[in-house]
Structure formats: C-alpha cells, structure tokens
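A.B. asks: Residue numbers for the sequence shown follow our numbering, beginning at 566 and rising by one.
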Amino acid sequence: MTQPLRRLHPLTPFIRGWKIFVAFAVVVAQQVGLERHGPARWALLALAGAVPVAAVAGWLAWRTTTYGFDGEDLRVDSGIVVRRSRRVRLDRLQAVDVVRPLLARLVGLAELRLEVVGASSSEGGLAYLSEEEARALRAELLARAAGLVAAEHADPAAGAPVHEEAPEHLLHAVPWGRYVASLVLSAPTLVAGLVIGAAVALSAWQRTAAPLALVLPALVVPVQQFFVRGQADAGFEVSGSADGLRLRHGLLESRQQTVPPGRVQAIRVVAPVLWRPWGWVRLEVAVAGYGQKAQALTGTLLPVAPRAEAEQLVRLVLGAEVGPADHDRLAVPLVPAPRRARWLDPLGWRALGVGGDDEVLLARHGAFRVVLDVVPHAKVQSLRVVQGPLQRRLGLVTLHVDLPPHIAPLVPHRDAAEAAALLATEVERTRAARARARPERWAQPAGGRSAGL
C-alpha cells in the first residue's frame, strides 16, 4: 500500500547549511585579517551573495525531498535539476539508527540512518526529522521489517499511520565511574601520560620548554582519538525489545541503534591487560549491512563490563533472547595450541585456544590484549587454511574464518592434522546450521538455543 509522501523538517536547510556558512565566514575573516590597507570588499560581497544563494538552494533541496512507504519499500525522492528516487527494501534492512548531532539536538531534530544488506554506506538517510517523528518512523520501519502487528492509529496531521515502539527493558547501563576508569586504564592514555610526564621533567631539568614543545604536537592525534572514543561511547545503555537490541550512547552526538540479534555475524570479547585486575572486558559486534566507516562507529556492543555480565549479554544476542537468562549454561571448552607454538608466539601462546559446539565456534588469541571471537556457524562465509614458512617447519597452520568487515576471527598455530579435522568439522557444522536456520524476520529469528561462553 502506497502512502502519501512526506517532507523533512523545515529547519533542515539551516542545520545542513551552517557548515557552509562557517567556512565562508572563516575565509572572509582570513582575508580581512590579511588586508591591512582596507576591508576586503570582494570577500564580504562574496559572503553576502553566497548566503542567500545557499539558502535558496537549501530550501529547494528540502522542498524537492520527500519520503514515504511504497508497498514493501521505503521510497526517498530528491534532486533539484536531476531527480533521484531511492528504494530501500525493508526485507533487507539490517539496522536502524537515530543520530542526533549537537546542533540538531539543540532544536529537537534527529537523523534516521538505515543500514541495508550489501550496502557500503547508509541507505535512505533522512536528515532531519523531529525527534518524535524520527522515533515514530523508526518504530514503523521496525514493525514492517519484523512482521510485527504493531499498534497503530491515524495521525491526522500527517495522514499516515503511527506505530508505537515495542516495549523495552534495560539490560545493561555502563556506570560513569567505570567508563572513565576504563578510558584512563588504556595503553594509549598511559603512554601519553608517561611521555608528557617525561617531557615536563626534562623541561624542568633543562629549564627550557623545548622538550615539551617537541612532544605536544605528536600527541594531538592520540588525544583527539581519546576524546572521540570517549564521547562516542559515553552513557552507554543496552535494552532488549521484540524488534532487537537497542543501544543508546554518545555525549555530543547521541546515537540510538536498533540491531536485531539474529543479524549479528560475530561477537568479540576483548580483555586488555590493564583491565584484568578488575575483571573487565569489552564487547564488539559485527552486523551485516554496516559499511566499514559505520562499523567503526557502531561496532561496540558494550564498552566495558564485568566478564559475567558480558557473557550474559553474549548469550542473549546469539540466542536471539531479549530477556534475562533464567538458567546457567556450561562454557564451551577450549583446546589449547600445541606447545611448539611458543616459538612463533612466545608471549601469547598460552592464551591460544579453539572450541565449538553445534551452534558457535570460539577462537581465542592474544597476549596483552586477549581476544575471544564467538561466531555462529550459520554466519561463516568461508574458511581458509594458511601456512607460512616458519609454520611449515614446525608443522603448524592458521585457520581463518571469513566474515563481514570489522571482526576477522582466526585460529593461529594449530597442528596441521588437527586443523584439517577442525576444518572438516566446521564445514559440516556450518552446513547443518544453515539447514536448520529459517528465513529471518526480526521478531521471528531462526531457531537455535542460546550460545554460552
């Protein structure tokens, strides 16, 4: 059924155009500053002419951009001179994000981003909508994609049905104290602190600021990355609902993700060495449909948590459950690597391990940053056995598990005969898991028990 097409929020041109205005203003300020004998009239005239032109172009772009549902697709039409019509198939929808940049939040607006199977970037992005409209549209998208019979009523203003969001319950909220401590207890932060401390001490000893002046520029990138990561995962909350997991996080730019557990390709449990005394781990997730850039921003399932709570969340996600686990599950045993693997990985060979059952494959590796990859058999795309020259002399090989970007599980330094048996077993388990799986709707995931760690 086709619905009447709707427009974006009227403030959209102003939110989109502020960067252009700031860029013009900076250029004019520079020109005026360089002009010592009089005002840079041409720059001022250019700014005065560019602002109304940009305003008119923004208004025309807003006026010609419409969206609405056309059968089982979301239709987005845009373009002033050349018209473009995009169709987003809801049966290929992987995730729906509501993003609120700082300026948009100040005026109560939000952007809706859709992640679709096979797309290298977000498809059908709608910027900007009112927060209420964005939430309602997300609920409608999730209801249509999930096959849910959502409660709806007519919206007299828009003339379109309004779907109520599925109820949710909070699964995990990261305390601020623990989150700040996890940022401080990271290798880049400690290295930067030691370098700054050494530079300050050397400057004081030599009574010159030269060492500090040499060090500070080199720390610009690490400090920037620290703040980018810090604001991106701040206030992290994980909730469960009938349409999937809902993730909320972000300080300056808040983001609300909805990820269906049945579409998760793999989960990575990361245990940095500085977190081990507190028993903390980090959960990363690979979701089909996210491009590499989007995956880098949205690949966190839980920034920091005690291991027991993280393992519980892994069970919920891979089992497509949305409520608390009501019973314990035994851990899948891991088989250690042969002792001769220490010649190739002297620091981390004791952590090497691999295991699995009928539902998941587990692979562990790392020394200072121990990583445990949990991969559902049904999500494995291909398997590769690689053997380097040193491995050949020691009779060892490495098994690679191919998945979408961001998480690349591998089983390093296994005995050649053991790896051959593991490869054959994994091929059979993958085939069987795919045979058991049913075509997924978000509210009707493929069958299977919850995977435990």
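No residue lacks a Cβ here, since even glycine has one placed at the ideal position from N, Cα and C.
Starting from the C-beta of Gly690, find all residues in its chain whose C-beta is less than 6 Å away, skip the five residues before and the five after it, and write them out in chain order.
C.D. replies: Along the sequence shown, read from residue 1 onward, the residue named residue 690 stands at position 125. So the qualifying residues of the chain are Arg678.
A.B. asks: Taking the alpha carbon of His814 as the point to measure from, which residue in Pro842, Leu926, Gln789 and Pro868 has its own alpha carbon closest?
C.D. replies: Position 249 of the sequence shown holds residue 814. Checking every option, the nearest Cα to that of His814 belongs to Pro868.
A.B. asks: Keeping to the same chain, check which residues put their C-beta closer than 7 Å to that of Leu668; ignore five residues upstream and five downstream.
C.D. replies: On the sequence shown, position 103 is the one that residue 668 refers to. For Leu668, where only same-chain residues beyond five positions count, the Cβ hits under 7 Å are Ile580 and Trp583.
A.B. asks: Can you grab the Cα-Cα spacing for the pair Val835 / Leu707, in whole Å?
C.D. replies: As a working note, residue 835 is residue 270 in the sequence shown. As a working note, residue 707 is residue 142 in the sequence shown. Straight-line Cα distance between these residues: approximately 30 Å.
A.B. asks: What three-state label does DSSP hand Glu717 in the structure shown?
C.D. replies: Counting from 1 along the sequence shown, the entry for residue 717 is found at position 152. Its pLDDT being 46, under 50, Glu717 is placed unreliably by the model, and the measurement read from it follows with that caveat. Strand, per DSSP.
A.B. asks: What separation, rounded to the nearest whole angstrom, lies between the Cα atoms of Leu735 and Asp808?
C.D. replies: Residue numbering aside, residue 735 sits at position 170 when the sequence shown is read from its first letter. Residue numbering aside, residue 808 sits at position 243 when the sequence shown is read from its first letter. If I take the Cα positions, the gap works out to 14 Å.
A.B. asks: Rounding to the nearest angstrom, what Cα-Cα distance links Gln956 and Arg929 in this structure?
C.D. replies: Position 391 of the sequence shown holds residue 956. Position 364 of the sequence shown holds residue 929. Rounded to whole angstroms, Gln956 to Arg929 spans 19 Å at the Cα level.
A.B. asks: Could you give the first and the last residue of the continuous beta strand (DSSP E) run that contains Phe634?
C.D. replies: The sequence position of residue 634 within the sequence shown is 69, counting from 1. It spans Thr631 to Asp635 - the beta strand (DSSP E) in which Phe634 sits, taken as one unbroken run.
A.B. asks: Taking only the alpha-carbon atoms, compute the straight-line gap between Asp938 and Val992 and give it to the nearest angstrom.
C.D. replies: Mapped onto the sequence shown, residue 938 falls at position 373. Mapped onto the sequence shown, residue 992 falls at position 427. One C-alpha to the other measures close to 18 Å.
A.B. asks: For the alpha helix (DSSP H) that contains Trp908, what are its first and last residues?
C.D. replies: One-based indexing of the sequence shown puts residue 908 at position 343. Per DSSP, Trp908 belongs to no alpha helix (DSSP H) and is neither H nor E.
A.B. asks: Give the range of the alpha helix (DSSP H) segment to which Glu818 is assigned.
C.D. replies: The count along the sequence shown starts at 1 and reaches residue 818 at position 253. Where Glu818 is concerned, there is no enclosing alpha helix (DSSP H), given that its DSSP letter is neither H nor E.
A.B. asks: Would you report the Cα separation of Leu839 and Leu573, rounded to the nearest angstrom?
C.D. replies: Locating residue 839 in the sequence shown gives position 274, where the first residue counts as 1. Locating residue 573 in the sequence shown gives position 8, where the first residue counts as 1. Those two C-alpha atoms are separated by around 47 Å.
A.B. asks: Looking only at its own chain, which residues have a Cβ that is under 7 Å from the Cβ of Ala699, when we skip the five neighbours before and after it?
C.D. replies: Locating residue 699 in the sequence shown gives position 134, where the first residue counts as 1. Correct list, in chain order: Val663, Ala675 and Leu677.
A.B. asks: Quick check: the Cα distance between Gly888 and Gly633, rounded to an integer number of angstroms?
C.D. replies: Locating residue 888 in the sequence shown gives position 323, where the first residue counts as 1. Locating residue 633 in the sequence shown gives position 68, where the first residue counts as 1. Note on Gly888: pLDDT 34, under 50, position unreliable in the model; no value is reported.
A.B. asks: Can you name the residues that DSSP bridges to Trp845?
C.D. replies: Mapped onto the sequence shown, residue 845 falls at position 280. Per DSSP, Pro871.
A.B. asks: Closer than 8 Å is the cut-off here; do at least three beta carbon pairs connect the stretch 748 to 758 with the stretch 818 to 826?
C.D. replies: No, the stretch 748 to 758 does not touch the stretch 818 to 826.
A.B. asks: If you check the beta carbons only, do Arg654 and Glu680 fall under 8 Å apart?
C.D. replies: As a first step, residue 654 must be located in the sequence shown, where it is residue number 89. As a first step, residue 680 must be located in the sequence shown, where it is residue number 115. Going by C-beta atoms, Arg654 is not nearer than 8 Å to Glu680.
A.B. asks: What are the partner residues of Pro941, as DSSP defines its beta bridges?
C.D. replies: Along the sequence shown, one-based indexing puts residue 941 at 376. For Pro941, which the question treats as bridged, DSSP gives the partners Val925.
A.B. asks: Between the alpha carbons of Leu968 and Arg996, how many angstroms are there, rounded?
C.D. replies: If you number the sequence shown from 1, residue 968 lands on position 403. If you number the sequence shown from 1, residue 996 lands on position 431. Going by the C-alpha atoms only, they are around 16 Å apart.
A.B. asks: Among Ala763, Val785 and Val788, which one has its Cα closest to the Cα of Pro776?
C.D. replies: Taking the first residue of the sequence shown as 1, we reach residue 776 at position 211. Closest option to Pro776, Cα to Cα, is Ala763.
A.B. asks: So what does DSSP say about Ala1000, is it helix, strand or coil?
C.D. replies: Position 435 of the sequence shown, counted from the first residue, corresponds to residue 1000. Three-state DSSP puts Ala1000 in a helix.
A.B. asks: Name the residue from Gly960, Gly913 and Gln659 whose alpha carbon lies nearest to the alpha carbon of Pro837.
C.D. replies: Position 272 of the sequence shown holds residue 837. Residue Gly913 is the option with its Cα nearest to Pro837.
A.B. asks: Output yes or no for whether 8 Å exceeds the beta carbon distance between Leu812 and Val803.
C.D. replies: Here residue 812 refers to the residue found at position 247 when the sequence shown is read from its first residue. Here residue 803 refers to the residue found at position 238 when the sequence shown is read from its first residue. Yes, these two residues count as a Cβ contact at 8 Å.
A.B. asks: What residue range does the alpha helix (DSSP H) around Ile761 cover?
C.D. replies: Here residue 761 is taken as the residue at index 196 of the sequence shown, counted from 1. From DSSP, the alpha helix (DSSP H) with Ile761 extends over Ala752 to Gln771.
A.B. asks: Report all residues from its chain with a CB closer than 8 Å to the CB of Leu702; omit the five preceding and five following residues, and keep chain order.
C.D. replies: Taking the sequence shown and counting its residues from 1, one reaches residue 702 at position 137. So the qualifying residues of the chain are Leu677, Leu691 and Leu694.
A.B. asks: Roughly how many angstroms lie between the CA atoms of Arg648 and Ala626, to the nearest whole one?
C.D. replies: Numbered from its first residue, the sequence shown carries residue 648 at position 83. Numbered from its first residue, the sequence shown carries residue 626 at position 61. Near 11 Å, if we compare the C-alpha coordinates of Ala626 and Arg648.
A.B. asks: Less than 8 Å between the CB atoms is what I'm expecting for Leu927 and Leu988, so what's the real figure, rounded?
C.D. replies: The residue you call residue 927 lines up with position 362 of the sequence shown. The residue you call residue 988 lines up with position 423 of the sequence shown. Incorrect: roughly 16 Å between the Cβ atoms, too far for contact.
A.B. asks: Spatial neighbours of Arg743 within its chain, please: C-beta separation below 7 Å, excluding the five flanking residues on both sides.
C.D. replies: The sequence position of residue 743 within the sequence shown is 178, counting from 1. Val869, listed in sequence order.
A.B. asks: I think Val962 touches Ala986, with their Cβ atoms under 8 Å apart; what is that distance to the nearest whole Å?
C.D. replies: As a working mapping, residue 962 is identified with position 397 in the sequence shown. As a working mapping, residue 986 is identified with position 421 in the sequence shown. Not confirmed; about 12 Å, so no contact.
A.B. asks: What separation, rounded to the nearest whole angstrom, lies between the Cα atoms of His978 and Ala906?
C.D. replies: For the purposes of this step, residue 978 is taken as the residue at position 413 of the sequence shown. For the purposes of this step, residue 906 is taken as the residue at position 341 of the sequence shown. Answer to the nearest angstrom: the Cα atoms are 6 Å apart.
A.B. asks: Per DSSP, what kind of secondary structure is Val788 in: helix, strand or coil?
C.D. replies: Translated into the one-based positions of the sequence shown, residue 788 becomes position 223. Val788: helix per DSSP, three-state reduction.
A.B. asks: With DSSP as the reference, label Arg678 as helix, strand or coil.
C.D. replies: Here residue 678 is taken as the residue at index 113 of the sequence shown, counted from 1. In this structure, Arg678 counts as strand in the three-state DSSP scheme.
A.B. asks: In terms of alpha-carbon separation, which member of Val641, Ser819, Pro903 and Pro732 lies closest to Gln568?
C.D. replies: Taking the sequence shown and counting its residues from 1, the one referred to as residue 568 is at position 3. Closest by alpha carbon: Val641.
A.B. asks: From Ala797 to Gly960, what does the alpha carbon distance come to, in whole angstroms?
C.D. replies: For the purposes of this step, residue 797 is identified with residue 232 of the sequence shown, where counting begins at 1. For the purposes of this step, residue 960 is identified with residue 395 of the sequence shown, where counting begins at 1. Those two C-alpha atoms are separated by around 44 Å.
A.B. asks: Using a 10 Å radius around the Cβ and a threshold of 16 neighbouring Cβ atoms, would you call Leu755 buried or exposed?
C.D. replies: As a working note, residue 755 is residue 190 in the sequence shown. Exposed, by the Cβ-count rule.
A.B. asks: DSSP state of Pro977, grouped into three classes?
C.D. replies: What you label residue 977 is simply residue 412 of the sequence shown in a count that begins at 1. Looking at Pro977 - three-state DSSP - the assignment turns out to be strand.
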